[in-house]
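What follows is one structure encoded as structure tokens, with my remarks underneath.
Numbering (full-length UniProt numbering), first residue to last: 1 to 311.
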């Protein structure tokens with residue numbers, strides 16, 4: 001079979017989407033449009049509440065506001081194209097468009113993971129070394145941590161996309177997914193992808209596992225410290241400051257680990273679509289609710305923002 005590279009010989013790929021059933025396209029369009037609007041509005045409200053309330057000008061909420069911004073960018077890379085495809089008969093994405101989508105998807109997803117790690121460090125210092133909190137988490141260190149998170153994530157995405165751009169593809173150009181993710185695109189390649197898979201897995205382990213291990217280490221230290229607190233009320237107060245963050249970490253990393261940390265031979269179209277929807281659409285939509293419903297400071301900030309709008 002003749003090998004062709006879609007970068008020069010075809011117009012692009014066809015995204016199979018979530019379902020090929022024509023009767024499900026409009027209901028799915030409505031569902032994901034609502035989820036996208038809730039995601040954007042919810043995260044914008046979180047950002048506005050944090051920057052309008054001086055009492056929320058702390059490192060934890062600095063990272064939370066940037067996490068909300070990244071979640072908006074993250075979903076915007078995927079969902080609008082998905083919505084168009086629900087109402088389109090062709091579902092075509094150009095070769096360049098596919099690589100661009102892949103780049104920004106990975107950049108924003110990885111920045112999310114590093115921001116979650118930064119928030120875990122913030123909780124670690126606040127609970128385990130409260131006397132040094134103002135020194136470690138001072139206003140100059142937080143932007144540097146954000147800059148480092150973005151830089152590492154974009155370098156990782158650039159490397160991955162350059163690696164993918166060197167692959168050749170066979171006659172099939174149907175991506176069995178709703179966006180250009182690494183594994184479905186690798187499945188289409190006629191090139192020997194064993195070396196690419198090895199590099200992808202190794203580099204992904206280095207980039208994604210590093211913040212995850214940082215979160216694990218932080219919470220182990222936090223648990224050890226909290227268990228030493230003599231009163232039950234003190235333990236509950238310390239743990240309650242971590243509840244929202246820990247919930248988001250479990251939702252995000254649970255689905256990411258399931259999707260990406262398996263060999264290509266174990267790739268399952270249906271199961272991976274469901275898991276991918278969890279961390280690309282559902283988790284960014286739930287984040288504002290998780291951080292506002294269980295957080296008195298955020299409730300106060302949102303109430304102040306509401307009063308300011310209606311006054």
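In this text, a Cβ means the ideal position worked out from N, Cα and C, and glycines have one as well.
Check whether the segment 92-109 and the segment 179-187 touch, using three or more Cβ-Cβ pairs below 8 Å as the test. Because the criterion of three Cβ pairs below 8 Å is met, the segment 92-109 and the segment 179-187 touch.
What are the boundary residues of the alpha helix (DSSP H) that residue 127 is part of? Where residue 127 is concerned, the enclosing alpha helix (DSSP H) stretches over 95-128.
Can you look up residue 292 in the DSSP assignment and give me helix, strand or coil? Helix.
On the three-state DSSP scale, how would you describe residue 25? Of the three classes helix, strand and coil, the one that applies to residue 25 here is helix, per DSSP.
So what does residue 13 bridge to, in DSSP terms? DSSP, once it has assigned bridges, lists 93 as partnering residue 13.
To which residues of the same chain is residue 49 closer than 6 Å at the C-beta, ignoring the five residues directly before and after it? Closer than 6 Å at the Cβ level, and outside the excluded window around residue 49, lie 301, 302, 305.
Stretch pair the segment 273-283 + the segment 126-136: three plus CB contacts closer than 8 Å: The segment 273-283 is not in contact with the segment 126-136.
Give the DSSP-derived three-state secondary structure of residue 6 in the structure shown. With a pLDDT of 42 at residue 6, under the threshold of 50, the predicted position of this residue should be treated as unreliable, though the coordinate-derived value follows. For residue 6, the secondary structure class from DSSP, reduced to helix, strand or coil, is helix.
Residue 179, DSSP secondary structure in three states: The answer is coil: DSSP assigns residue 179 none of H, G, I, E or B.
Does residue 88 come within less than 8 Å of chain C when only Cβ atoms are used? Here chain C cannot be found, since the structure has a single protein chain.
I'd like to check one pair, residue 127 with residue 222: are the Cβ atoms closer than 8 Å? For residue 222 and residue 127, yes; Cβs fall inside 8 Å.
The segment 80-94 in contact with the segment 11-25 per 3-pair CB rule at 8 Å: Taking a contact to require three or more Cβ pairs closer than 8 Å, the segment 80-94 and the segment 11-25 qualify as touching.
Identify whether residue 47 lies in helix, strand or coil by the three-state DSSP scheme. Three-state result, residue 47: helix.
Mapping the DSSP letters down to three states, classify residue 174 as helix, strand or coil. In this structure, DSSP gives residue 174 an extended state, which the three-state scheme calls strand.
Going by other Cβ atoms of all chains shown within 10 Å of its Cβ, with 16 needed for buried, is residue 102 buried or exposed? A residue is called buried once 16 or more other Cβ atoms fall within 10 Å of its Cβ, and residue 102 is buried on that count.
Return the bridge partner residues of residue 65 from the DSSP annotation. BP columns for residue 65 are empty, so no partner.
To which residues of the same chain is residue 291 closer than 7 Å at the C-beta, ignoring the five residues directly before and after it? So the list reads 46, 64, 244, 298, once near-sequence residues are dropped.
Touch check for the segment 110-124 and the segment 209-216: three-plus C-beta pairs under 8 Å? Yes, the segment 110-124 touches the segment 209-216.
Residue range of the alpha helix (DSSP H) that includes residue 142: Per DSSP, residue 142 belongs to the alpha helix (DSSP H) from 141-165.
Cβ-Cβ separation, residue 226 to residue 239 (assumed contact under 8 Å), whole Å: At roughly 6 Å, the Cβ-Cβ gap stays under 8 Å, so residue 239 and residue 226 are in contact.
Among 61, 158, 152, whose alpha-carbon lies nearest the alpha-carbon of residue 206? The option with the nearest alpha carbon to residue 206 is 152.
Shortest alpha-carbon distance to residue 38 belongs to which of 286, 295, 139? Measuring from the Cα of residue 38, the nearest candidate turns out to be 286.
To which residues of the same chain is residue 125 closer than 8 Å at the C-beta, ignoring the five residues directly before and after it? 132, 133, 136, 137, listed in sequence order.
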